[in-house]
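Protein chains in written order, with the UniProt record's numbering: chain V, 1 to 304; chain P, 1 to 576.
Quick reminder that beta carbons are idealized off the backbone N, C-alpha and C, glycines included.
Predicted model only: the values in this text are computed from it and were never measured.
A short write-up of the structure that comes next.
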C-alpha cells in the first residue's frame with residue numbers, strides 16, 4: 001500500500017483506505033445477500049410436502065372431449081374404385097362434382113402404367129429425407145421440369161401439399177419480420193404464419209386499398225427508425241385462387257405494390273396451378289414467388 | 001487389487017448386457033427379477049459409465065435379486081434387463097480442439113468471404129434479381145455466410161441423389177462439380193454402394209415381391225389419388241382398411257392415418273392441448289414435435305434427455321406452481337417423448353415415464369417414428385420392447401416412412417381419442433387422404449410383419465435386424481469407436497466430433513462404396529459431429545463386415561477412435 005501511494009504520488013491514509021474497504025465489503029455483502037434471498041424465495045415457496053398435497057389435489061381435464069357418435073365424419077361413406085367423373089357409393093352410381101380432379105387425370109392408363117413401372121424400379125418409399133439418400137433422380141427431373149414450366153430458376157418439391165406452404169413461410173419469414181396477409185387465406189397458410197412468429201397484418205379479402213393502407217402505415221413506421229427498418233423483411237402472402245372464396249387475387253396490383261413498397265410476394269397456387277391461365281401456369285404471366293420453392297439459402301429465386 | 005475389481009466389475013456389467021458374449025466364466029448369470037418399477041433404479045441404468053463405475057451399488061443390486069420362475073426373454077434378452085443408453089463423454093481437451101477446428105473453419109470462411117467480396121475470386125453464389133437490390137436481404141447474415149462458406153465445401157456428401165430402390169445396396173447417381181459444389185453435372189453413370197444411410201430397417205424397400213405387386217395392383221383398382229379431402233368424400237377404402245389393421249397391430253382400440261409423417265406431429269399436437277395446458281418435451285425431440293408444440297400455443301418445458309429425475313422435478317413444479325403467467329393450475333399436462341431418438345440412437349425409458357405419468361396424472365404422447373416395426377419381438381415398437389401395455393400410452397404415434405418402406409404416419413389410441421382427432425384434426429378438412437398404392441404398401445408390409453401371409457418372413461426380418469444391430473454396434477465399440485445409444489437400437493450414431501471429419505468420412509466411405517450419413521452442426525451440438533449408420537434387416541453379415549472393416553481403416557487414419565471403454569469389449573467374442 002505504501003509502495004502504491006509513493007508510486008502514484010498521493011498521501012497514504014489508513015483511515016481512508018479502511019473506510020473504503022469496509023464500504024466495498026458491505027456493498028458486496030448486501031448484493032450477495034439480496035441475490036441469495038431472491039433465489040431462496042423462488043425455490044422455497046413450497047415445501048416438498050406441500051407440493052405432494054397439491055399434486056394429490058390436482059385433477060386434470062380429460063385429454064380429449066367426448067365426440068358425439070353420430071358425427072358425420074365418424075360415419076363416412078366410401079367410394080368404391082377410382083374417383084373419376086362418376087363414382088359408385090354403396091353400389092349406386094353418382095356424378096362426381098366433389099373431387100378436385102380438374103384436368104381428369106385420374107384413371108388415365110398412360111400415367112398409371114408409368115406409376116407402376118416406377119414402383120417396380122424404385123419401390124414405394126424413399127426411406128429417407130431429402131438430405132440423406134432420399135432424393136431420387138425422378139425428383140430432380142421433376143424439379144427441373146417444373147422450373148422450366150413456370151419459367152423460374154429453380155423449384156423444390158415437398159412430399160405433402162399441406163405442409164409445403166406451412167413450412168415454406170417460416171423458412172423465410174422469421175421473428176421480427178412482417179407479413180401482410182389476405183384475410184381469406186387457407187388453413188395451411190395460417191399455420192405457416194403462426195409457425196413463422198413474424199408480425200402478421202391482415203388486410204380485407206382482396207381489398208387492395210386496405211393493403212396499401214397497411215403498407216403505408218409500415219412505411220411511416222420505417223421512416224421513424226430507418227436503421228431498424230433495414231432488417232425487417234416484408235412479405236405479402238396471397239393465394240392465386242382462394243379456396244374459401246373462389247375468386248382470384250388481383251396479382252397485377254400486388255406486384256405494383258411489391259416494387260413500390262419493396263415487399264416480397266408469396267403466392268400459393270395450390271388451386272390455380274394447372275387450372276387457370278392459357279397454359280395452366282396459374283395466374284402468372286408475370287410470376288414472382290411461387291409455392292414451389294428453391295432450396296432455402298442456396299439459391300434465391302426471383303423472377304419478373 | 002483395484003484394477004482387478006475394476007475388470008471383474010466390468011465383466012459383471014458385460015454379463016448384464018443382452019448380447020451374445022461368450023466369456024470364459026462358467027458361473028451362471030443370475031436372472032434379473034421383475035422389471036424395475038422405481039424410476040430411480042431405471043435412471044441408474046441409463047448411463048453406462050455410472051453402471052461400470054458404481055461397483056458397490058451394482059453388487060448390492062445383484063444381492064437383492066431373486067430368481068424368478070417365469071422367464072420373459074426375447075431376441076434382446078430379458079425384458080427387465082435391457083441394454084442401457086450409453087453416452088460416453090470425451091475429455092475436455094478434445095472438446096476444446098473441436099471448438100478450435102470450428103474457429104479455424106470460421107477464420108478461413110471469413111477470409112474466403114472477403115476474397116470473394118473484393119473480387120479476387122468469382123462469386124458463384126446465387127444473387128437476387130438486380131431490380132431487388134433495395135429490398136431487405138432474404139437471409140440473415142450468419143445463415144447465408146455459413147451456407148456460402150462452410151456447407152458448400154462439403155455439399156457433395158449430402159443430398160446424394162439415388163436412382164434405384166434404397167435396399168441393402170443402392171445406386172447413387174454420379175455427379176461432378178467443377179465450381180466447388182455450386183452446380184453439379186451428371187455424367188449419367190451410377191455407383192452401387194452398400195446402403196447404411198436409409199431408414200429401411202426391415203428391408204421393405206423392395207421393387208419386387210408381394211409389397212410392390214400389391215401396390216401396383218391397387219393403382220388399377222383405386223387410382224393414384226383421391227383428389228379430395230378426407231371429410232369431403234371420405235377416406236379411400238384402402239386407408240380405412242389400413243387404419244383398422246394398424247389398430248389391430250398395435251393392440252389398441254382405433255387408429256387414424258395421415259399422408260405425411262411430419263404433418264402427423266405438427267398438425268395433431270394442437271388438437272390435443274391448448275394454451276391452458278403444459279407440454280413437457282424431451283430435449284432431443286424431433287423438429288416436427290417442436291413445431292407441433294409451438295403451433296399448439298401451450299406452455300412448453302424441456303427435460304434433460306431421458307432423465308427421469310429432471311422430468312419428475314418439472315412435473316412436480318408444474319402441478320404445484322401452475323402456469324407462472326396466469327397463476328392458474330394447468331388443465332392438463334402432456335409428456336412428449338420419442339421411442340428411438342434418431343440422432344442419439346437411444347431408446348426412451350418407457351417404464352419410467354409411464355410410472356411418472358401415472359403418478360402425476362399426466363398424458364403421454366409417444367412418437368415411434370423410428371421404433372415401430374424395428375423394435376420389439378413382433379415389431380410393435382418400444383412399447384413391446386419394454387413389455388409395457390399399449391393402453392398406458394395415451395397417444396401412440398408413428399410413421400410408415402421407415403420400417404414399412406412407404407410414406408405417412410398414424411396416431412393410435414383409445415376410440416375416444418381417435419374419434420376426437422378424426423373430427424378435429426385440420427388434416428382431415430384440408431388435406432387429401434393417403435394415396436392408395438402407398439396405403440397398400442403399408443398394408444402388405446404390416447401383414448407380413450404380423451405373419452398374416454402365412455410365412456415367418458416378418459419374424460425373421462425382425463430377428464435379423466436385432467442381430468445385425470447388436471453385431472454392428474458391438475464390433476464398432478470393440479474397434480474403439482464411441483457409439484451413442486442403446487445396444488438394441490438399429491440407429492447407430494458413431495461420434496467423430498470434428499466438423500471437418502464429416503467431409504472426410506462422407507467422401508472416403510463413398511470411395512469404398514459405402515453410403516452413410518454424416519451429421520454435424522446445426523443438426524447436432526457443435527462439438528458432436530457424427531456418422532450415422534442405419535442398420536437394416538436386408539444387410540448380410542458380409543456387408544456389415546465390409547462396412548466395419550472400412551470404418552476401422554478410416555478410424556485409424558483419422559484417429560477417430562475416441563473410446564476409452566474399448567478394453568471392456570476387447571476379449572469379448574461377438575457372434576452374429
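Cβ pair residue i, residue j closer than 8 Å
i	j	result
residue 180 of chain V	residue 214 of chain V	yes
residue 197 of chain P	residue 133 of chain V	yes
residue 474 of chain P	residue 560 of chain P	no
residue 445 of chain P	residue 211 of chain P	yes
residue 331 of chain P	residue 420 of chain P	no
residue 350 of chain P	residue 382 of chain P	yes
residue 430 of chain P	residue 242 of chain P	no
residue 467 of chain P	residue 576 of chain P	yes
residue 206 of chain P	residue 439 of chain P	no
residue 423 of chain P	residue 71 of chain V	yes
residue 299 of chain P	residue 434 of chain P	no
residue 450 of chain P	residue 249 of chain P	yes
residue 563 of chain P	residue 448 of chain P	no
residue 307 of chain P	residue 338 of chain P	no
Nearest-angstrom Cβ-Cβ length linking residue i and residue j, presumed shorter than 8 Å
i	j	result
residue 236 of chain V	residue 254 of chain V	6 Å
residue 265 of chain P	residue 297 of chain P	Not really, about 16 Å apart at Cβ, beyond 8 Å.
residue 316 of chain P	residue 55 of chain V	7 Å
residue 234 of chain V	residue 218 of chain V	7 Å
residue 566 of chain P	residue 480 of chain P	4 Å
residue 105 of chain P	residue 150 of chain P	6 Å
residue 101 of chain P	residue 498 of chain P	5 Å
Nearest-angstrom Cα separation, counted from residue j out to residue i
i	j	result
residue 492 of chain P	residue 413 of chain P	30 Å
residue 205 of chain V	residue 162 of chain V	22 Å
residue 287 of chain P	residue 570 of chain P	38 Å
residue 348 of chain P	residue 301 of chain P	18 Å
residue 373 of chain P	residue 214 of chain P	20 Å
residue 269 of chain V	residue 150 of chain V	12 Å
residue 352 of chain P	residue 364 of chain P	12 Å
residue 23 of chain P	residue 574 of chain P	Because the pLDDT of residue 23 of chain P is 36, which lies under 50, any placement of that residue in the model is unreliable, and the question is left without a value.
residue 60 of chain P	residue 572 of chain P	Because the pLDDT of residue 60 of chain P is 38, which lies under 50, any placement of that residue in the model is unreliable, and the question is left without a value.
residue 194 of chain P	residue 278 of chain P	44 Å
residue 490 of chain P	residue 58 of chain V	40 Å
residue 409 of chain P	residue 262 of chain P	8 Å
residue 201 of chain V	residue 202 of chain P	48 Å
residue 87 of chain V	residue 110 of chain V	21 Å
residue 98 of chain V	residue 227 of chain P	9 Å
residue 145 of chain V	residue 285 of chain P	36 Å
residue 78 of chain P	residue 487 of chain P	13 Å
residue 157 of chain P	residue 164 of chain P	18 Å
residue 208 of chain V	residue 277 of chain V	22 Å
Residue i burial status per 10 Å Cβ neighbour count (16 or more: buried)
i	result
residue 269 of chain P	buried
residue 99 of chain P	exposed
residue 155 of chain V	buried
residue 47 of chain V	exposed
residue 176 of chain P	exposed
residue 259 of chain V	exposed
residue 61 of chain V	exposed
residue 69 of chain V	exposed
residue 168 of chain V	buried
residue 160 of chain P	buried
Residue i beta carbon near the ligand GDP (any heavy atom closer than 7 Å)
i	result
residue 246 of chain P	You won't find the ligand GDP in this model; it holds no ligand whatsoever.
Taking a cut of 7 Å between CB atoms, which residues from the stretch 264 to 277 of chain V lie near chain P?
264
Cβ-based contacts, 8 Å cut-off: residues of the stretch 153 to 166 of chain P near chain V:
158, 159, 160, 161, 162, 163, 164, 165, 166
Tell me which residues of the stretch 87 to 109 of chain V have at least one Cβ-Cβ distance to chain P shorter than 7 Å, keeping chain order.
98, 99, 100, 101, 106, 107
The stretch 359 to 370 of chain P: positions lying closer than 7 Å to chain V by Cβ:
360, 361, 363
What residues from the stretch 148 to 167 of chain V come within 7 Å of chain P, judged by C-beta to C-beta, listed N to C?
159, 160, 161, 162, 163
Counting only Cβ-Cβ distances shorter than 9 Å, please list the residues of the stretch 110 to 143 of chain P near chain V, keeping chain order.
125, 126, 127, 128, 129, 131, 132, 134, 135, 136, 137, 138, 139, 140, 143
Please name the residues in the stretch 108 to 126 of chain V whose beta-carbon is closer than 8 Å to at least one beta-carbon of chain P, in chain order.
111, 112, 115, 116, 119, 120, 121, 122, 123, 124, 125, 126
Any residues in the stretch 401 to 423 of chain P with a beta carbon nearer than 8 Å to a beta carbon of chain V? Which ones, in chain order?
401, 402, 404, 405, 406, 407, 416, 417, 419, 420, 421, 422, 423
Report the residues of the stretch 208 to 234 of chain V with a CB closer than 9 Å to any CB of chain P, ordered along the chain.
229, 230, 231, 232, 233, 234
Residues of the stretch 431 to 460 of chain P whose Cβ lies closer than 8 Å to any Cβ of chain V, in chain order:
431, 432, 437, 438, 441
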